[in-house]
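Residue numbers (the numbering used here): 2 to 579.
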């Protein structure tokens with residue numbers, strides 16, 4: 002196929018714009034002194050305002066997989082199965098209501114901080130595994146979406162498009178951290194909004210497109226069969242609650258100027274997610290109502306199942322004028338990088354802080370942590386790029402993103418913030434929940450089901466894996482939650498009652514508690530100046546989490562009389578030495 006020179010020029014212009022903004026933001030952060038240490042790079046100095054925060058939060062979810070996957074699922078299964086835009090929007094609302102305020106008020110740096118503070122560094126490292134897989138799967142999904150788009154419109158090799166796009170996102174993320182990610186998100190969101198909405202009228206008025214009301218129920222609305230109600234509910238709950246425990250979300254929450262602004266950011270971004278999904282929904286409806294024989298499309302008809310992931314770029318290519326399709330292509334390209342850069346930075350931030358520093362090199366310097374984070378950015382980017390090249394289906398990969406996060410991390414997050422749990426319960430829930438989830442099988446990973454839940458559909462041949470109609474993912478999540486609570490309570494009762502000797506408290510979390518933690522529990526609660534002074538002595542700077550806004554002081558009962566858990570461990574060590 003001949004390479005389309007105008008399309009290449011359009012892509013170069015869009016990429017140049019994104020790269021230029023990313024490098025400008027990186028330079029701006031250095032000039033304002035916001036790139037001095039790893040925490041500033043991860044959280045942009047906790048200085049992301051509400052306006053920029055809304056854009057970057059919305060752009061984080063509105064990615065290439067979000068856009069392409071929404072159009073694909075409408076053509077494949079109908080509008081009633083297009084759950085992701087609404088599911089992720091609701092997840093942002095719940096995140097703002099129940100999690101954003103608690104996490105931001107405590108001054109954590111990453112989502113894993115509260116786990117490592119209560120459960121220990123190694124348990125936190127174990128919880129990093131599903132978090133890492135989620136970020137990598139999501140990044141791979143959006144990169145695959147871009148490769149599919151470029152292969153259709155510009156006629157360049159899919160793998161080449163994926164690799165080039167990944168390299169550009171890696172470059173400005175390495176340079177500027179969250180500052181570059183946030184500011185490029187603003188530009189990318191405008192590109193997506195203008196590019197897709199500009200394309201919709203041209204596709205809608207194409208003579209090959211039938212009136213959308215013609216056979217609407219059969220063509221693009223469709224229905225949910227009663228016997229699939231369980232799996233339908235399961236998928237919807239997965240998107241809602243599986244969309245909360247992501248570092249890519251909490252990175253924006255923790256970088257906000259205050260807890261209140263973090264909540265506002267979540268609520269408004271949920272509306273933004275719905276608004277930005279509307280053109281993709283329309284493209285899916287248009288594609289389902291198109292007589293492709295009347296277009297210049299010369300491929301197999303009906304469109305093969307394996308090519309439905311290309312349906313949105315096909316609409317841009319065959320239903321819109323060339324110049325409009327190139328603008329739409331730039332919009333989808335921007336959508337891809339807006340999600341890829343965020344996820345790559347999130348996974349590498351958790352690795353540098355929660356794995357490398359807290360487990361292997363507690364005395365590592367800030368310069369060392371920064372270099373480790375840059376190496377992790379490169380490693381995560383390479384891994385996601387490789388997956389994007391190998392895996393074919395966008396929407397399956399999209400659902401798989403939230404799967405392990407929903408089953409394993411969501412109940413862990415609920416318990417760490419709202420219940421009295423310990424390491425024994427956390428580990429038990431992790432193992433048992435993972436077993437019940439993977440035991441149900443996963444066709445996308447070619448895992449055969451060993452647990453056949455009710456209403457299981459047996460495979461017709463050896464190449465198939467069967468189908469679970471029971472909401473087993475939600476069941477696995479509830480099993481995880483129950484195990485954490487019950488096992489934590491059991492071990493607490495066993496140790497406190499004396500049935501188990503203190504020496505058997507191998508995780509040092511019930512009765513066999515380290516000396517410095519005992520000292521911490523006996524001291525009197527300090528006032529705000531004491532906590533700031535102690536943080537100064539240990540870290541050489543004021544804890545940004547103690548900079549409360551007027552709104553926070555009105556909403557919190559005693560914000561100034563409590564040392565934040567994020568600094569509790571360092572404070573206790575300081576007291577023990579004295």
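Yeah, the Cβ is synthetic: ideal placement off N, Cα and C, and Gly gets one too.
> Between residue 470 and residue 229, which are expected to be in contact by the criterion C-beta below 8 Å, what is the C-beta distance as a whole number of angstroms?
Replying inline: Your pair residue 470 and residue 229 checks out as a contact, with CB atoms roughly 6 Å apart and the cut at 8 Å.
>> Ignoring anything shorter than 3 residues, give me the beta strand (DSSP E) runs that lie fully in the segment 58–90, in order along the chain.
In response: Secondary structure within the segment 58–90: not one fully enclosed beta strand (DSSP E) run of 3 or more consecutive residues is present.
>> My assumption, with CB atoms under 8 Å, is that residue 81 sits in contact with residue 222. Please give the rounded CB distance.
In response: About 6 Å separates the beta carbon of residue 81 from that of residue 222, a gap short enough to meet the 8 Å contact definition.
> Starting from residue 188 and walking both ways along the alpha helix (DSSP H), at which residues does that stretch end?
Replying inline: The continuous alpha helix (DSSP H) containing residue 188 extends over residues 159–205.
>> I'd like the span of the alpha helix (DSSP H) that includes residue 372, first residue to last.
In response: For residue 372, the enclosing alpha helix (DSSP H) covers residues 367–391.
> Roughly how many angstroms lie between the CA atoms of residue 437 and residue 181, to the nearest whole one?
Replying inline: As the crow flies, the alpha-carbon of residue 437 is around 40 Å from that of residue 181.
> Is it true that the CB of residue 329 sits closer than 8 Å to the CB of residue 317?
Replying inline: Against a cut-off of 8 Å, the Cβ pair of residue 329 and residue 317 comes out as a contact.
> When we look at the beta-carbon of residue 505 and count the other beta-carbons within 10 Å, is it buried (16 or more) or exposed?
Replying inline: Residue 505 is classed as exposed because its beta carbon has fewer than 16 other beta carbons within 10 Å across all chains shown.
> Nearest to residue 128 by CA position, among 379, 355, 192, 440, is which residue?
Replying inline: Of the candidates 379, 355, 192, 440, the one whose C-alpha sits nearest the C-alpha of residue 128 is 355.
>> Suppose you measure from the CA of residue 279 to the CA of residue 235; what does that come to, to the nearest Å?
In response: So the two alpha carbons sit approximately 24 Å from each other.
> Among 67, 191, 140, 349, which residue has its Cα nearest to the Cα of residue 18?
Replying inline: It is 191 whose Cα lies nearest to the Cα of residue 18.
> So what does residue 49 bridge to, in DSSP terms?
Replying inline: Under DSSP, residue 49 takes part in a beta bridge, and its partners are 257.
> Under 8 Å, do residue 169 and residue 386 count as touching if we go by C-beta distance?
Replying inline: Result no, Cβ atoms of residue 169 and residue 386 do not sit closer than 8 Å.
> To which residues does DSSP link residue 582 through a beta bridge?
Replying inline: Coverage of the chain is limited to positions 2 through 579, which leaves residue 582 absent and any answer about it impossible.
> From 352, 85, 206, pick the residue whose C-alpha is nearest to that of residue 243; which is it?
Replying inline: Considering only alpha carbons, the answer is 85.
>> Please classify residue 364 as buried or exposed, where buried requires at least 16 neighbouring CB atoms within 10 angstroms.
In response: It counts as exposed.
> When the Cβ atoms of the segment 281–299 are set against those of the segment 309–323, are three or more pairs found closer than 8 Å?
Replying inline: Contact between the segment 281–299 and the segment 309–323 is present: three or more C-beta pairs spanning the two stretches fall below 8 Å.
> Got a sec, what are the start and stop residues for the alpha helix (DSSP H) residue 494 sits in?
Replying inline: Its alpha helix (DSSP H) spans residues 473–498.
> What do you reckon, are the CB atoms on residue 253 and residue 61 nearer than 8 Å?
Replying inline: It is a contact, given that the beta carbons lie within the stated cut-off.
> Alpha carbon to alpha carbon, how far is residue 306 from residue 296?
Replying inline: Between the C-alpha atoms of residue 306 and residue 296 there is a straight-line separation of about 19 Å.
>> Need the endpoints of the alpha helix (DSSP H) that residue 103 sits in, please.
In response: Unbroken alpha helix (DSSP H) run through residue 103: 102–106.
> Mapping DSSP to helix, strand and coil, what is residue 458?
Replying inline: Looking at residue 458 - three-state DSSP - the assignment turns out to be strand.
>> Tell me the residue span of the alpha helix (DSSP H) that contains residue 436.
In response: For residue 436, the uninterrupted alpha helix (DSSP H) segment begins and ends at 424–440.
> Can you tell me whether residue 206 is buried or exposed, with buried defined as 16 or more other CB within 10 angstroms of its CB?
Replying inline: Around the beta carbon of residue 206, fewer than 16 other beta carbons lie within 10 angstroms, which makes this residue exposed.
>> List, from N- to C-terminal side, the alpha helix (DSSP H) runs of 4 residues or more that fit wholly inside the segment 314–352.
In response: Here the runs fully enclosed are 323–351.
> Name the DSSP beta bridge partners of residue 443, please?
Replying inline: In the DSSP output, where bridge partners are listed per residue, residue 443 has 448.
> What residue does the alpha helix (DSSP H) around residue 243 start on, and which one ends it?
Replying inline: For residue 243, the enclosing alpha helix (DSSP H) has its first and last residue at 230–243.
> Cβ atoms of residue 312 and residue 72: under 8 Å apart, would you say?
Replying inline: The answer is yes: Cβ separation under 8 Å.
> Around the C-beta of residue 120, are 16 or more other C-beta atoms found within 10 angstroms, so that it is buried, or is it exposed?
Replying inline: Its Cβ being crowded by 16 or more others within 10 Å, residue 120 is buried.
>> Taking 7 Å as the cut-off, is the beta-carbon of residue 283 closer than that to any non-hydrogen atom of the ligand MG?
In response: Judged by which ligands are present, the structure shown has none, so any question about the ligand MG falls away.
> Hey, residue 270 and residue 68: beta-carbon distance below 8 Å or not?
Replying inline: No, the Cβ-Cβ distance between residue 270 and residue 68 is not below 8 Å.
>> Please classify residue 461 as buried or exposed, where buried requires at least 16 other C-beta atoms within 10 Å of its C-beta.
In response: Exposed, since its Cβ has fewer than 16 Cβ neighbours within 10 Å.
> What does a CB cutoff of less than 6 Å around residue 454 pick up in its chain, not counting 5 residues either side in sequence?
Replying inline: Taking C-beta separations shorter than 6 Å and ignoring five residues to either side along the sequence, the partners of residue 454 in its chain run 469, 471, 473, following chain order.
> Cβ of residue 492 within 8 Å of Cβ of residue 503?
Replying inline: Cβ atoms of residue 492 and residue 503: not closer than 8 Å.
> So residue 92 packs on residue 241, CB below 8 Å; how close in whole Å?
Replying inline: Indeed, because the Cβ distance is near 5 Å, the residues count as touching under 8 Å.
> Can you name, in chain order, every residue of its own chain whose Cβ lies under 8 Å from the Cβ of residue 20, other than the five neighbours on each side?
Replying inline: Closer than 8 Å at Cβ, skipping near neighbours: 169, 172, 173.
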